[in-house]
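From first to last, the protein sequence lines are chains G and L. All letters in the first sequence, in the order written, are residues 183 to 512 by the working numbering. All letters in the second sequence, in the order written, are residues 183 to 512 by the working numbering. The beta-carbon is built from N, C-alpha and C at its ideal position, and this holds for glycine as well. To keep things clear, I will list the structure first and then write my remarks on it.
Number of protein chains: 2
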Amino acid sequence: MATISEVAERAGVSTATVSRALNGKDSVDPALAGRVLAAADELGYRPNGPARNLRKQETAVLALIISDVENPFFTAISRGVEDVAHDAGYSVVLCNSDDDPDKEREYVEVALQERVAGVLLSPAGRGDSAEKLRAHDTPVVAIDRPLPRSGGDTVLVDTRLAAREATLHLAEQGYRRLGCLTGPEGVPTADDRLAGYRDGLRAAGLDSGELVRRSDFKATGAAEAAHSLLAERQPPDAILVANNAMAVSVLAALDELGMRPGRDVGVVAFDDAPWTVLIDPPLSVVAQPAYDMGATAAQLLLGRIGGDHTETTVTTLSAHLVPRGSSRSG
Amino acid sequence: MATISEVAERAGVSTATVSRALNGKDSVDPALAGRVLAAADELGYRPNGPARNLRKQETAVLALIISDVENPFFTAISRGVEDVAHDAGYSVVLCNSDDDPDKEREYVEVALQERVAGVLLSPAGRGDSAEKLRAHDTPVVAIDRPLPRSGGDTVLVDTRLAAREATLHLAEQGYRRLGCLTGPEGVPTADDRLAGYRDGLRAAGLDSGELVRRSDFKATGAAEAAHSLLAERQPPDAILVANNAMAVSVLAALDELGMRPGRDVGVVAFDDAPWTVLIDPPLSVVAQPAYDMGATAAQLLLGRIGGDHTETTVTTLSAHLVPRGSSRSG
DNA sequence: TTGTAAGCGTTATCAA
DNA sequence: TTGATAACGCTTACAA
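Pasting the structure below:
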């Protein structure tokens, strides 16, 4: 592939002039610039990214480490990140940690080695990824989940409050034995939603005992948990489900048991999705501002990369309940 | 950040020895290697990726250019790609073209500049991205859609055949006025599904006239198309929908009109999704082997990167019809 | 305004 | 087995 010196030779100038011309410096004679551009074009010249990055000691790349590309919540985040990054001339590398701390560590290593400009991290587990990055002067912004040990810029949803609100909503609709299906212990969003559920129970003056199950945040794993919950001697008459994928399993389980959401069992699930209005009755959800979370986090990160050293911030966006038929009075 | 020479100094050896030790060359004294590793560890040394890439004239990075990260079909592909790439020590950069040829061109430029090892491309429009990449010796594998002008390694689904099969299925179920909602003209998967639909009509001896609408492959755009199709003087009694997102709009439209899938109107849509079994009746789908497509394409690409110069191949995987309630006899 | 040349951090060649 | 050194392709003082 053509190099800058080949372009220089062809245009009859020095490599310095080629560099200046191609980077649009104004201190270059228009005639020369024209010759350079023509030569570069004829040779199909593309500046060598690694060489440029090495010399400039910086790369216009952000890494986004999430736990599941197949989760619409995270893809919406990635949209927000990408739109903002792209406008600022940055590329985004999407990394799947699968909620596995080892995989996360691996990606952090790659980010460090490749000298990415910054990292957006939805932390898996209680690792020290953020510290490691910061120890090497790589700005980090946590997204969706707070950083386990340290502080640092963070973009969250007030998921506990939203869970409380959803729980209260179910109580107001007349449900009395409220259950909760949430994610793995230790995952903050899972624990917060559970805490919010308990807040709601308390506020409503209900005491269901422990009608709680945990699962991974995926449909397959949630199936068993849903069945187990519904097989209680005194099964719940309503369920708060901590994400969309698990909601599929809950609804499937109800269907198998011949129970109807919004009549036999109230259901509210986290994350809105196009299909939620297609089922009968439509699914009540807690809608999270995923796109905005991504956009906000990216903006924050770009600020840090740009040298913003003001105090770290925690941005908490709010989710909102979208009541539909599945949580109507039972 | 620590450099190789600082490690060398600390370990009391030359940079060459550090490099060899860190890269596990066997021609290095175990004692020295130990000192080097210790020094590297103490300094928190991470090899500088750009420098290494520059020197080695290669990067262990693949670019995957797709049209929509929010489409589960493509995220499943990306899973397949990532799993294979990861096992081979490669990273994957996910790029969203939004089905916009300009954005695609932009990402191809970035891929070229960054000297990625290879590109997996689901081409948007009739551009010359693949030629451009190949002109610069960057291997390309097309995925989901053939390359517009040139040949080249390609991983496809026999989507036309699948569409034909789905159409025949609807005919067999007794539907007589079959409509089709497909994607934009020029997008091969959209055109192929339409062609397969016509194949099916012909094979079934049906002539619906033109009960065809096009939309982007997204839910919002498809809403209008769905309504327009159902507002025909002689509306279809069954619809083949070319993807999952558009199916949501079709089902919503039917619901608004008080029509029931599988009774008033038969429906088959491309792409399976967890929620398709939750609706009543469950949605009949054409399931595509998305994960396998990604894995296969990545394997092919890695082969080319590794110097495989055998003739280019076209791999055609097959989709299969999953008949459910929405296409039962009307 | 242009050119010369140093240097970014590696790896690989060549001698020792 | 180890070390000195050139080279990868670019940007940027500094000189002219």
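{"Query": "Using 8 Å as the threshold, is the C-beta distance between Val189/L and Tyr227/L below it?", "Result": "yes"}
{"Query": "Can you tell me the Cα-Cα spacing of Ser181/L and Val290/L, whole angstroms?", "Result": "Coverage of chain L is limited to positions 183 through 512, which leaves residue 181/L absent and any answer about it impossible."}
{"Query": "Do the segment 477–496 of chain G and the segment 415–422 of chain G meet, that is, are 3 or more Cβ pairs less than 8 Å apart?", "Result": "no"}
{"Query": "Identify which residue in Ile248/G, Asp282/G, Gly378/G and Leu302/G has its Cα closest to the Cα of Ala348/G.", "Result": "Gly378/G"}
{"Query": "Along chain G, which residues have their Cβ under 7 Å away from the Cβ of Asn534/L?", "Result": "With chain L running from 183 to 512 in the structure shown, residue 534/L is simply not present."}
{"Query": "Span of the beta strand (DSSP E) holding Ile325/G?", "Result": "Val322 to Ile325"}
{"Query": "Rounded to whole angstroms, what is the Cα-Cα separation between Val449/G and Gly440/G?", "Result": "15 Å"}
{"Query": "Ordered along the chain, which non-local residues of its own chain (more than five positions away) have a Cβ less than 6 Å from that of Thr341/L?", "Result": "Thr371, Asp374 and Arg375"}
{"Query": "Helix, strand or coil: which one does DSSP assign to Ile186/G?", "Result": "helix"}
{"Query": "List, in order along the chain, the chain L residues whose C-beta lies closer than 9 Å to that of Ala434/G?", "Result": "Pro456, Val459 and Leu460"}
{"Query": "Hey, is Ala221/G's beta-carbon within less than 8 Å of any beta-carbon in chain L?", "Result": "no"}
{"Query": "Is the Cβ of Glu188/G closer than 8 Å to any Cβ of chain L?", "Result": "no"}
{"Query": "Can you check whether the C-beta of Glu347/G is within less than 8 Å of a C-beta belonging to chain L?", "Result": "no"}
{"Query": "Which residues in chain G have a C-beta closer than 8 Å to the C-beta of Ala258/L? List them in chain order.", "Result": "Glu252"}
{"Query": "Using three-state DSSP, classify Phe452/L as helix, strand or coil.", "Result": "strand"}
{"Query": "I want to see whether chain L comes within less than 8 Å of Met475/G, judged by CB atoms only; does it?", "Result": "no"}
{"Query": "Would the beta-carbon of Asp381/G fall within 8 Å of that of Arg346/G?", "Result": "yes"}
{"Query": "Can you tell me which of Glu296/L, Ala233/L, Lys238/L and Gly300/L puts its alpha carbon nearest to the alpha carbon of Ala267/L?", "Result": "Gly300/L"}
{"Query": "Does any CB atom of chain L fall closer than 8 Å to the CB of Leu315/G?", "Result": "no"}
{"Query": "Determine the closest residue to Tyr357/L out of Gly476/L, Gly262/L and Val447/L, with distance taken between C-alpha atoms.", "Result": "Val447/L"}
{"Query": "Please report the Cβ distance between Leu338/G and Leu302/G, rounded to the nearest whole angstrom; I am assuming they are in contact, meaning their Cβ atoms lie under 8 Å.", "Result": "13 Å between Cβ atoms; not a contact."}
{"Query": "For a minimum of 4 consecutive residues, which ranges assigned as the alpha helix (DSSP H) are wholly contained in the segment 283–357 of chain L?", "Result": "283–295, 311–317 and 341–354"}
{"Query": "Can you check whether the CB of Leu411/G is closer than 8 Å to the CB of Leu360/G?", "Result": "no"}
{"Query": "Hey, which unbroken runs of the beta strand (DSSP E) at 3 residues or more fall wholly within the segment 369–451 of chain G?", "Result": "394–396 and 420–423"}
{"Query": "Using a threshold of 8 Å, state whether the C-beta atoms of Val195/L and Leu204/L are closer than that.", "Result": "no"}
{"Query": "Can you check which of these residues, Lys314/G, Lys285/G and Ala306/G, is closest to Arg517/G by C-alpha distance?", "Result": "Because chain G here runs from 183 to 512, residue 517/G falls outside it and cannot be looked at."}
{"Query": "Consult DSSP for Leu460/G and reduce its assignment to one of helix, strand or coil.", "Result": "coil"}
{"Query": "What in chain G is Cβ-close to Ala233/L, meaning under 7 Å?", "Result": "Leu236"}
{"Query": "Run through DSSP, which three-state label would Ser466/G get?", "Result": "strand"}
{"Query": "For Ala245/L, write down the residues that DSSP places opposite it in a beta bridge.", "Result": "Val275/L and Val301/L"}
{"Query": "Quick check on the burial criterion: 16 or more other C-beta atoms within 10 angstroms. Buried or exposed for Gly368/G?", "Result": "exposed"}
{"Query": "Of the choices Gly507/G, Thr492/G and Ser511/G, whose alpha-carbon is the least far from that of Asp335/G?", "Result": "Thr492/G"}
{"Query": "Between which two residues does the beta strand (DSSP E) harbouring Val195/L extend?", "Result": "First-last for Val195/L: undefined, no H or E at that position."}
{"Query": "Along the alpha helix (DSSP H) that carries Gly476/L, what are the first and last residues, could you check?", "Result": "Ala472 to Ile487"}
{"Query": "Can you find the residues in the same chain that come closer than 8 Å, C-beta to C-beta, to Leu225/G, ignoring five residues on each side of it along the sequence?", "Result": "Ala184, Glu188, Val189 and Arg192"}
{"Query": "Give a yes or no on whether 8 Å exceeds the smallest Cβ distance from Ser304/G to chain L.", "Result": "no"}
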